[in-house]
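Numbering of the sequence shown is given in full-length UniProt numbering, commencing with residue 1 and proceeding in unit increments. The beta-carbon is built from N, C-alpha and C at its ideal position, and this holds for glycine as well. For clarity, every value in this text was computed on a predicted model and none was experimentally measured. Everything below concerns the one structure shown next.
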Amino acid sequence: MPYYRAVGEIPRKRHVQFRRPDGGLYAEELMGEEGFSSDSSLLYHRHAPTAIMKSEGVQDPVGEAELRPNHPLQPRACRTQDLPIGGDLVLGRQVLYGNDDVRLSFAAAGTGSDLYRNSAGDEVVYIQSGSARFESTYGALEVAEGDYVVIPAGTIHRWLPAGAEPGAQAGPDVAPGGVVRALVIEARGHIRPPKRYLSQYGQFLEHAPYCERDLRAPAEPLVLEGGEVPVLVRGRGGLSRLTYVRHPFDVVGWDGCLYPYAFNIRDFEPIVKRTHAPPPVHQTFEGPNFVICSFCPRPLDFHEDAVPIPYNHHNVDSDEMMFYVGGDYSARKGSGIGVGSVSLHPSGFTHGPQPGAVEASIEGLRQGRTETSEMAVMVDTFRPLLIGPAARQCEDPEYAWSWARA
């Protein structure tokens with residue numbers, strides 16, 4: 001993270017004695033990236049965070065999902081609204097696409113998750129609808145529709161949809177508060193704000209489309225007591241269940257620049273031009289060999305001869321996945337795309353507006369239309385995306401031919 005935070009009780013200096021009221025020492029835990037060379041935080045536990053009493057392998061329905069090449073090559077679309085509801089936001093993930101850098105899944109979760117730690121990479125969970133409480137060793141966050149939740153690798157956490165009991169483990173019953181629908185982006189590495197938005201010291205610059213004030217982080221510790229607590233841990237070799245002697249949510253304070261946070265897509269400030277601007281102006285985060293972009297309501301292009309929708313384009317080095325989350329997609333009218341749809345436009349294929357959309361957009365300007373209402377989350381990858389079982393299950397078989405319908 002680009003700025004420092006301190007929460008709860010911490011000693012005046014790092015790595016000095018810090019004692020509990022009973023005279024014993026709090027246990028320090030350094031959470032750090034890139035081998036002591038990048039962002040880190042220090043957490044102070046009531047009990048040793050190293051004490052485990054059992055480890056066992058666990059079948060991994062998410063990590064073991066079969067991914068198939070996009071062959072024969074074609075653009076694809078699927079309808080997440082047709083996927084089944086159930087499970088939690090960890091083991092209930094339904095894999096859409098993936099490669100060696102990133103896995104993209106959809107969840108329609110109505111139950112609380114077990115404690116979970118992804119030690120293979122950072123995660124970003126975009127909440128399409130519903131609300132939940134995100135609890136971690138750093139504290140809690142209330143998250144809802146439109147929130148990106150950025151979770152650093154190694155963070156022990158759990159998800160509680162609205163209405164789920166805080167002490168409950170994952171179960172078959174849907175929480176009274178309803179279902180949380182989310183796009184889950186799992187990286188093999190770290191996800192950060194784009195470097196071009198930051199000063200050399202890590203502050204958001206004036207031209208950035210969001211800043212520190214838009215980010216929400218835990219504001220107070222979440223101190224729970226308990227023993228023999230299981231934690232699912234995703235490592236590079238698969239999924240394990242570690243049983244901890246004490247509950248890991250025993251942190252009385254922490255400080256540093258590495259922690260989970262939420263950013264709402266409605267706080268993204270669109271960058272506009274007189275003519276249509278390309279997707280890099282929508283970039284929100286960057287990961288290893290991929291980027292995440294936010295398409296938000298914004299003023300339409302205002303050159304007197306503007307064409308206010310995307311031009312046909314062929315990104316020869318990347319695959320483009322678009323998750324449509326709200327608004328009106330005038331450029332895609334007639335394609336079958338709507339809220340909840342996911343499109344995949346691979347390298348090797350030129351894509352753009354549907355037939356008739358260009359003239360319709362120009363006519364809209366003539367009639368006084370001044371803004372667009374579309375909202376979407378886009379992930380562009382620099383290695384081909386393979387097709388997961390969930391995308392195959394809810395695929396629209398006619399999408400690839402939609403440009404041929406005059």
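In the DSSP output, which residue or residues are listed as bridge partners for Q94?
DSSP output for Q94 lists F106 as bridge partner(s).
Comparing the C-beta of D319 with each C-beta of chain D, is any distance below 8 Å?
Absent from the structure is chain D; it holds one protein chain and no more.
When you compare the CB positions of V179 and A120, do they come within less than 8 Å of one another, or not?
Taking 8 Å as the Cβ cut-off, V179 and A120 do not qualify as a contacting pair.
Per DSSP, what are the beta-bridge partners of Y261 in this structure?
Note: Y261 sits in a beta bridge opposite V150.
Kindly list the residues whose CB is nearer than 6 Å to the CB of P194, restricted to its own chain and excluding five residues on each side of it in sequence; keep chain order.
Answer for P194: Q283 and E286, listed in chain order.
Please classify V184 as buried or exposed, where buried requires at least 16 neighbouring CB atoms within 10 angstroms.
Buried, because 16 or more other Cβ atoms sit within 10 Å of the Cβ of V184.
Which residues does DSSP pair with F295 in a beta bridge?
In DSSP, F295 forms a bridge with A376.
Shortest alpha-carbon distance to Y116 belongs to which of D255, T370 and V90?
Comparing Cα positions, the closest option is V90.
In chain order, what residues of the same chain have a beta carbon less than 6 Å from the beta carbon of E123, not counting five sequence neighbours either side?
These residues qualify, in order along the chain: I151 and E186.
Just to confirm the assignment: which complete beta strand (DSSP E) runs, minimum length 3, are found wholly within the stretch 167-214?
For the stretch 167-214, whole beta strand (DSSP E) runs of length 3 or above, ordered along the chain, are 180-187.
For V233 and A144, what's the separation of their Cα atoms in angstroms?
Their Cα atoms are separated by approximately 25 Å.
Starting from the C-beta of K54, find all residues in its chain whose C-beta is less than 6 Å away, skip the five residues before and the five after it, and write them out in chain order.
Once the five neighbours on either side are set aside, the close Cβ partners of K54 are T243.
Using a threshold of 7 Å, is the CB atom of V184 nearer than that to any non-hydrogen atom of the ligand MN?
Annotation note on the ligand MN: not contained in the displayed structure, which lists no ligands.
Of the residues R19, F134 and Y97, which one's Cα is nearest the Cα of residue 467?
In this structure the chain extends from 1 to 406, so residue 467 is not present and cannot be described.
From E374 to L386, what does the alpha carbon distance come to, in whole angstroms?
Roughly 27 Å between the two C-alpha positions.
For V102 versus V125, is the C-beta distance shorter than 8 Å?
No; because the gap between Cβ atoms is not below 8 Å, this pair is not in contact.
Taking the Cβ atom as the reference point for each residue, do P49 and E29 lie within a distance shorter than 8 Å?
Against a cut-off of 8 Å, the Cβ pair of E29 and P49 comes out as a contact.
Name, in chain order, the residues that DSSP records as bridge partners for V231.
V231 is bridged to L115 and L242.
Under the three-state reduction of DSSP, which class applies to S361: helix, strand or coil?
Helix at S361.
For R298, which residues of its own chain have a beta-carbon under 7 Å away from its beta-carbon, when the five flanking residues on both sides are left out?
Closer than 7 Å at the Cβ level, and outside the excluded window around R298, lie P270, V272, E371 and T372.
How long is the line joining the alpha carbons of P11 and L215, rounded to whole angstroms?
Roughly 26 Å separates the two Cα atoms.
With DSSP as the reference, please indicate the residues paired to P161 in a beta bridge.
Answer by DSSP bridge pairing, in chain order: A132.
Given G327, which residues of its chain have a CB within under 7 Å of its CB, disregarding the five upstream and five downstream residues?
Around G327: P297, S373, E374 and M375.
Within 10 Å of its beta-carbon, does Y329 have 16 or more other beta-carbons around it, so buried, or fewer, so exposed?
Result: buried.
Indicate whether V252 and G8 have their beta-carbon atoms separated by less than 8 Å.
In this structure, G8 lies closer than 8 Å to V252 by Cβ.
Give me the residue from L25, E212 and D255 with the minimum Cα distance to L42.
That would be D255, whose Cα lies nearest to the Cα of L42.
What's the C-alpha gap between F204 and N264?
Answer to the nearest angstrom: the Cα atoms are 16 Å apart.
Bridge partners of T381, per DSSP?
BP columns for T381 point to F290 and D319.
Identify whether R14 lies in helix, strand or coil by the three-state DSSP scheme.
In this structure, R14 counts as coil in the three-state DSSP scheme.
Is the distance from the Cβ of R241 to the Cβ of V16 below 8 Å?
Cβ atoms of R241 and V16: not closer than 8 Å.
With DSSP as the reference, label Q81 as helix, strand or coil.
In the structure shown, Q81 sits in a helix (DSSP, three-state: H, G or I).
Please classify P346: is it buried, with 16 or more other beta-carbons within 10 angstroms of its beta-carbon, or exposed?
It is buried - the Cβ of P346 has at least 16 other Cβ atoms within 10 Å.
Around the Cβ of Q94, are there at least 16 other Cβ atoms within 10 angstroms (buried) or fewer (exposed)?
Buried.
Does the stretch 72-80 come into contact with the stretch 395-403, if we say contact requires no fewer than three beta-carbon pairs (one atom in each stretch) closer than 8 Å?
Touching, yes.
Does G112 pass the burial test, meaning 16 or more other C-beta atoms within 10 Å, or should it be called exposed?
Classification of G112: buried, given that the 10 Å Cβ count is 16 or more.
Does the structure place the stretch 297-313 close enough to the stretch 338-352 that three or more beta carbon pairs sit under 8 Å?
They touch, by the three-pair rule.
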